[in-house]
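Participant: When we follow my numbering, the leftmost residue of the sequence shown carries the number 13, and every step to the right adds one.
Once you've had a glance at the structure underneath, I'll fire off some questions.
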Amino acid sequence: MANDSTRLISGADGPDLSLQSYRLEMLRGPQAGESWELGQETRIGKGAENEIQVVDATVSRNHLVLRSEADGFHVRDLGSTNGTFLNNARIVEGYARPGTEIRAGQVVMRLTAVHQEARVAPVGFERFGSLVGKSEPMRKIFALLERVAPTAATILVTGETGCGKGALARTVHDQSPRADKPFVTVDCGAISRNLIESELFGHEKGAFTGATALRRGALEMCKGGTLFIDELDDLPLDVQPKLLRALDEREIVRVGSSKPIKLDVRVVAATKKDLRQEVSEGRFREDLYFRLSIVNLRLPPLRERIEDVPLLAQSFLESDNGSWEALPRALRERLAAYNYPGNVRELRNILERASYLEGFDAIDLTAFATEMRGDGVSGTEFKLSADYMKPFKEAKDLLITRFEREYLKRLLARNSGKIARAAREAKIDRKYLYMLLEKHSIENK
Numbered sequence: 013m014a015n016d017s018t019r020l021i022s023g024a025d026g027p028d029l030s031l032q033s034y035r036l037e038m039l040r041g042p043q044a045g046e047s048w049e050l051g052q053e054t055r056i057g058k059g060a061e062n063e064i065q066v067v068d069a070t071v072s073r074n075h076l077v078l079r080s081e082a083d084g085f086h087v088r089d090l091g092s093t094n095g096t097f098l099n100n101a102r103i104v105e106g107y108a109r110p111g112t113e114i115r116a117g118q119v120v121m122r123l124t125a126v127h128q129e130a131r132v133a134p135v136g137f138e139r140f141g142s143l144v145g146k147s148e149p150m151r152k153i154f155a156l157l158e159r160v161a162p163t164a165a166t167i168l169v170t171g172e173t174g175c176g177k178g179a180l181a182r183t184v185h186d187q188s189p190r191a192d193k194p195f196v197t198v199d200c201g202a203i204s205r206n207l208i209e210s211e212l213f214g215h216e217k218g219a220f221t222g223a224t225a226l227r228r229g230a231l232e233m234c235k236g237g238t239l240f241i242d243e244l245d246d247l248p249l250d251v252q253p254k255l256l257r258a259l260d261e262r263e264i265v266r267v268g269s270s271k272p273i274k275l276d277v278r279v280v281a282a283t284k285k286d287l288r289q290e291v292s293e294g295r296f297r298e299d300l301y302f303r304l305s306i307v308n309l310r311l312p313p314l315r316e317r318i319e320d321v322p323l324l325a326q327s328f329l330e331s332d333n334g335s336w337e338a339l340p341r342a343l344r345e346r347l348a349a350y351n352y353p354g355n356v357r358e359l360r361n362i363l364e365r366a367s368y369l370e371g372f373d374a375i376d377l378t379a380f381a382t383e384m385r386g387d388g389v390s391g392t393e394f395k396l397s398a399d400y401m402k403p404f405k406e407a408k409d410l411l412i413t414r415f416e417r418e419y420l421k422r423l424l425a426r427n428s429g430k431i432a433r434a435a436r437e438a439k440i441d442r443k444y445l446y447m448l449l450e451k452h453s454i455e456n457k
């Protein structure tokens, strides 16, 4: 199978895809001038059993093998007599990208990338893994994912908060050959800046104050699986070159160690910001952006695919044996007309809260007035009354207590009880959020 990488081209008038395949061109040797398209794994040697047979006295029967990776090839010498060289450096194992010269004995070849532009036809189905949608943008995304999920390509997903980037990442993993391996998430927005390096790369015992035990980082824990880096735009600038180096060299060094650890990981990253703009303003490294955007997907907000609301609602309701059609007609009309500033997550939370608090049969739509305003602004208002007959401090403390309790309940409800998300939305530390929940005896169910 050809090794294709897929890059999404933005703009309505341009092609949807740039398909990238790899070829190996012989520069010096008996077949100089010839080239071969590379598959997922390509063996090179003098023997007829190799995908590329090179009949040369300096080439061994089974000389080397190239295995497809995210944006190039892992190259391994097969115990050849005269060795394998990448850009004149002899290797046992190495990594080749477009432009790399590969020498087997005295035969010199060069890895090249070939691009073909194409349009993507929307698929005819409305589900891809855990993702659902019948809108054209989503069915085009399904077509892209159907092609790239089974590959090793790195994927960068751009989209607003709550539009389903995490679900997309999980679906890519589940539809890939890595599905039975770990799926590890690092949320850069929910981790303290001084701990993000340790979270990614791990640390040795005693590496810094508080490092009381060895910790394996997320990259190491993947072990042949997929790493989902959420809120990539929050990754500190000083950590970005270290991540780039790890992805390029396929190895990491734990904080406080000097021993390299080999990696086998596919990366799916997500951002709520336009990273090209972040690059131009100096907040994100250009080289890391290009390294991660082999496949660049924009996940549209729910307001741009409002026809997906019934399908999404059905997928949320069916776990409780509910259905979209069973909802009151007035509620369905209101849900279908809302513009969802909180995207898919907001739709799910509205349905969950309605189910838990009121029941759909007797739901009072006015209860959603602050949640679903006609102007499309998500309501967050709630009324608190003060007891003006009490002493000032006592009245103020009581008002603050009421505010904190109501705020925390709504915060957890909006984020489905996920502490990391809730802390990020409230812009407070997770430990402080836990402390507030304990203070007010609020259980996070």
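In this text, a Cβ means the ideal position worked out from N, Cα and C, and glycines have one as well.
1. In this structure, how does DSSP classify Y350 when only helix, strand and coil are distinguished?
2. Just tell me which of D276, L255, E337 has its CA closest to the CA of C234.
3. Could you round the C-beta distance between D246 and F296 to whole angstroms and report it? I think they count as a contact, below 8 Å.
4. Give me the residue from W336, L423, R436 with the minimum Cα distance to L449.
5. Which first and last residues belong to the alpha helix (DSSP H) in which D409 is found?
6. Candidates I208, E243, T238: which alpha carbon is nearest P227's?
7. Can you name the start and end residues of the alpha helix (DSSP H) that E209 belongs to?
8. My output table needs one value for K235: the three-state DSSP class, helix, strand or coil.
9. Which class does A161 belong to by DSSP, given the choice of helix, strand or coil?
10. If contacts are defined as beta-carbon pairs under 8 Å, then I241 and V291 qualify, I think. What distance do you get, rounded to the angstrom?
11. Less than 8 Å between the C-beta atoms of E105 and R88, yes or no?
12. Can you list, in chain order, the stretches of the beta strand (DSSP E) that have 3 or more residues and sit fully within the region 76 to 146?
13. Look at the alpha carbon of E211 and the alpha carbon of L239, and state the distance between them as a whole number of angstroms.
14. Quick one: residues in its chain with C-beta nearer than 8 Å to the C-beta of D320, no 5 flanking neighbours on either side, listed in chain order?
15. Y34 bridges to which residues according to DSSP?
16. I need the boundaries of the beta strand (DSSP E) containing K274, first residue and last residue.
17. Could you give the distance in angstroms between the alpha-carbon of F115 and the alpha-carbon of S327?
18. So is Y350 buried or exposed if we call it buried at 16+ other beta carbons inside 10 Å?
19. Since E290 is in the alpha helix (DSSP H), which residue starts that stretch and which ends it?
Facilitator: With the given structure in hand:
1. Taking the first residue of the sequence shown as position 1, residue 350 is located at position 338. For Y350, the secondary structure class from DSSP, reduced to helix, strand or coil, is coil.
2. Locating residue 234 in the sequence shown gives position 222, where the first residue counts as 1. That would be D276, whose Cα lies nearest to the Cα of C234.
3. The sequence position of residue 246 within the sequence shown is 234, counting from 1. The sequence position of residue 296 within the sequence shown is 284, counting from 1. In this structure D246 does not touch F296 by the C-beta definition: roughly 10 Å separates them, more than the 8 Å allowed.
4. In the sequence shown, residue 449 corresponds to position 437, counting from 1. Considering only alpha carbons, the answer is L423.
5. Position 397 of the sequence shown holds residue 409. Note, D409: alpha helix (DSSP H), 404 to 426.
6. Position 215 of the sequence shown, counted from the first residue, corresponds to residue 227. Here the sequence assigns Arg to residue 227, which means Pro is not the residue at that position. That would be I208, whose Cα lies nearest to the Cα of R227.
7. Residue mapping note: residue 209 aligns to position 197 of the sequence shown, counting from 1. Counting along the chain, E209 sits inside the alpha helix (DSSP H) bounded by residues 208 to 213.
8. Start at 1 with the first residue of the sequence shown, and residue 235 comes out as number 223. Of the three classes helix, strand and coil, the one that applies to K235 here is coil, per DSSP.
9. Counted from its first residue, the sequence shown places residue 161 at position 149. DSSP places A161 outside both helix and strand once states are collapsed to three, so it counts as coil.
10. Residue mapping note: residue 241 aligns to position 229 of the sequence shown, counting from 1. Residue mapping note: residue 291 aligns to position 279 of the sequence shown, counting from 1. About 17 Å; that fails the 8 Å criterion.
11. Counting from 1 along the sequence shown, the entry for residue 105 is found at position 93. Counting from 1 along the sequence shown, the entry for residue 88 is found at position 76. A contact, by the Cβ cut-off of 8 Å.
12. Runs of the beta strand (DSSP E) lying entirely within the region 76 to 146, each at least 3 residues long, are 76 to 80, 85 to 89, 96 to 98, 101 to 103, 105 to 108, 113 to 116, 119 to 130 in chain order.
13. Counted from its first residue, the sequence shown places residue 211 at position 199. Counted from its first residue, the sequence shown places residue 239 at position 227. Counting only the Cα atoms, L239 lies some 12 Å from E211.
14. Here residue 320 refers to the residue found at position 308 of the sequence shown. Only residues of its own chain outside the window of five on either side were considered, and among them V144, G145, K146, S147, M150, L314 have a CB closer than 8 Å to the CB of D320, listed in chain order.
15. Along the sequence shown, one-based indexing puts residue 34 at 22. A125, per the DSSP bridge assignment.
16. In the sequence shown, counting from the first residue as 1, residue 274 sits at position 262. Taken as a continuous stretch (DSSP letters only), the beta strand (DSSP E) holding K274 covers 272 to 274.
17. Residue mapping note: residue 115 aligns to position 103 of the sequence shown, counting from 1. Residue mapping note: residue 327 aligns to position 315 of the sequence shown, counting from 1. The question names Phe, yet the displayed sequence has Arg at residue 115. Cα-Cα distance, rounded: 54 Å.
18. Locating residue 350 in the sequence shown gives position 338, counting from the first residue. So Y350 ends up on the buried side.
19. As a position in the sequence shown, residue 290 is number 278, starting the count at 1. First-last of the alpha helix (DSSP H) with E290: 287 to 292.
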